[in-house]
Amino acid sequence: NADHDSAAEQIVQDIRSGDRSALARAITLVESKAERHRLLAEKVLDQCARTGRESVRVGFSGVPGAGKSTLIEKLGMRLIGDGHRVAVLAVDPSSTRSGGSILGDKTRMEDLSRETNAFIRPSPSQGSLGGVATRTREAISLCEAAGYDIVLIETVGVGQSEAEVAHLADFVFLLAVTGAGDELQGIKRGVIEYADAVLVTKADGDNESAARIAVQTYEAALQLFRDRDSGWSPRILAVSALEDRGLNTLWSIVSDYRAATKTSGYWDENRSNQSVYWLHASLITEIQESISASAEIREGLARLEDRVRNGLISPRSAAAAILKSFLKLDHS
Ligand code: GDP
80 NADHDSAAEQ IVQDIRSGDR SALARAITLV ESKAERHRLL AEKVLDQCAR TGRESVRVGF
140 SGVPGAGKST LIEKLGMRLI GDGHRVAVLA VDPSSTRSGG SILGDKTRME DLSRETNAFI
200 RPSPSQGSLG GVATRTREAI SLCEAAGYDI VLIETVGVGQ SEAEVAHLAD FVFLLAVTGA
260 GDELQGIKRG VIEYADAVLV TKADGDNESA ARIAVQTYEA ALQLFRDRDS GWSPRILAVS
320 ALEDRGLNTL WSIVSDYRAA TKTSGYWDEN RSNQSVYWLH ASLITEIQES ISASAEIREG
380 LARLEDRVRN GLISPRSAAA AILKSFLKLD HS
């Protein structure tokens, strides 16, 4: 135990010194499912729990091809130019691939990955959506301990991952593609509820007038939603990463949001609520991972799956039986 304490202290010291490979190793440590890494990972995370109070966490959600990585790279370069240190992380529950694009992949952000003040990390690849997002939450905290004051979180806009990103970020952008008959997708799927701003991307060339129409469509649609807890009215903006248009405005929207919600107290209140959310999410992840770490329980679970499949036992009793045998295990 004392060994763990000093090892954890060393790791945190290396992270704080700005050593990017130490940060990458620490993230690998917290992502590890190996039992021997768990205690050390917990100690490292505990020491980083109080950092990041001054950071800004921004989510970018959009279907593959919406222009996430192009925009994040351009924005990241700009923020670094302004003296920030920028970390780019990803939540992608469909493992590392989705529609051919790899989220948070360095080769998709070549300029940014060459910058010493940038840190890019792809999505943790294994586990349930909750598990993947929990690990990303931990990576955020390690990046902030390493002095990254801006964290950009990329997520693919399919399924539930944008709901998770709303629990990770202070502010969420929904990226909408024009010209593919897709303008209303985010609205229909309810994704828009999580967005603090909608970015109509690729507003250049032949796409410009389509982008203008899309902006109007979103403006009309957003009026149908009730006010947010944050008191913030979502913004809609057409941007072009290619032609570097709208990027200044985009970031000033985040700054306006921060100023307004810091004053109202919502910013800090939201952060605290998010921490409690991650306590509950981590508890579920812990239970799932602990259960599958035991060969005995795994076998029991496989047998019960068969019985449930054949209607010999209800899912509820099967779950209770697994929990009971898990609690009986010697956990020392
Ligand atoms: P992601 O899958 O959401 O990360 O999307 P990408 O950033 O990889 O972009 C998908 C495609 O759209 C690529 O071929 C980009 O070159 C192109 N693209 C991205 N941003 C823009 C833009 O602002 N204007 C135009 N015309 N094309 C863009």
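Numbered per this note's numbering, the sequence shown spans residues 80 to 411. No residue lacks a Cβ here, since even glycine has one placed at the ideal position from N, Cα and C. Since the structure is predicted, the reported quantities are computational estimates derived from the model, not experimental observations.
Here residue 191 really is in contact with residue 155; their C-beta atoms are around 5 Å apart, less than 8 Å. Our two residues, residue 215 and residue 89, have alpha carbons roughly 22 Å apart in a direct line.
For residue 150, the uninterrupted alpha helix (DSSP H) segment begins and ends at 147-160.
Residue 165 sits close to residue 229, with the two beta carbons spaced by under 8 Å.
Judged by the Cβ position, residue 226 fails to qualify as a neighbour of the ligand GDP at the 7 Å threshold, every heavy atom of the ligand being at least this far.
Between the ligand GDP and the CB of residue 310, the shortest heavy atom gap is not smaller than 7 Å.
DSSP places residue 195 outside both helix and strand once states are collapsed to three, so it counts as coil. With contact defined as three or more Cβ pairs closer than 8 Å, the stretch 141-153 and the stretch 234-254 are in contact.
For the set 91, 300 and 104, the Cα lying nearest the Cα of residue 198 is the one of 104. The ligand GDP approaches residue 145 closely enough that one of its heavy atoms is under 7 Å from the residue's Cβ. Taking the Cβ of residue 98 as the reference point, every heavy atom of the ligand GDP lies at 7 Å or farther away. Between the ligand GDP and residue 320, a heavy atom-to-CB distance of less than 7 Å is present. Contact between residue 203 and residue 211 holds: CB atoms are separated by about 5 Å, below the 8 Å threshold. For residue 140, the enclosing beta strand (DSSP E) begins and ends at 135-141. For residue 392, the secondary structure class from DSSP, reduced to helix, strand or coil, is coil. Comparing C-alpha distances from residue 383 to each of 372, 369 and 402 shows the shortest one belongs to 402. DSSP places residue 279 within a strand segment (E or B) once states are collapsed to three. Nearest to residue 100 by alpha-carbon distance, out of 221, 114 and 137, is 221.
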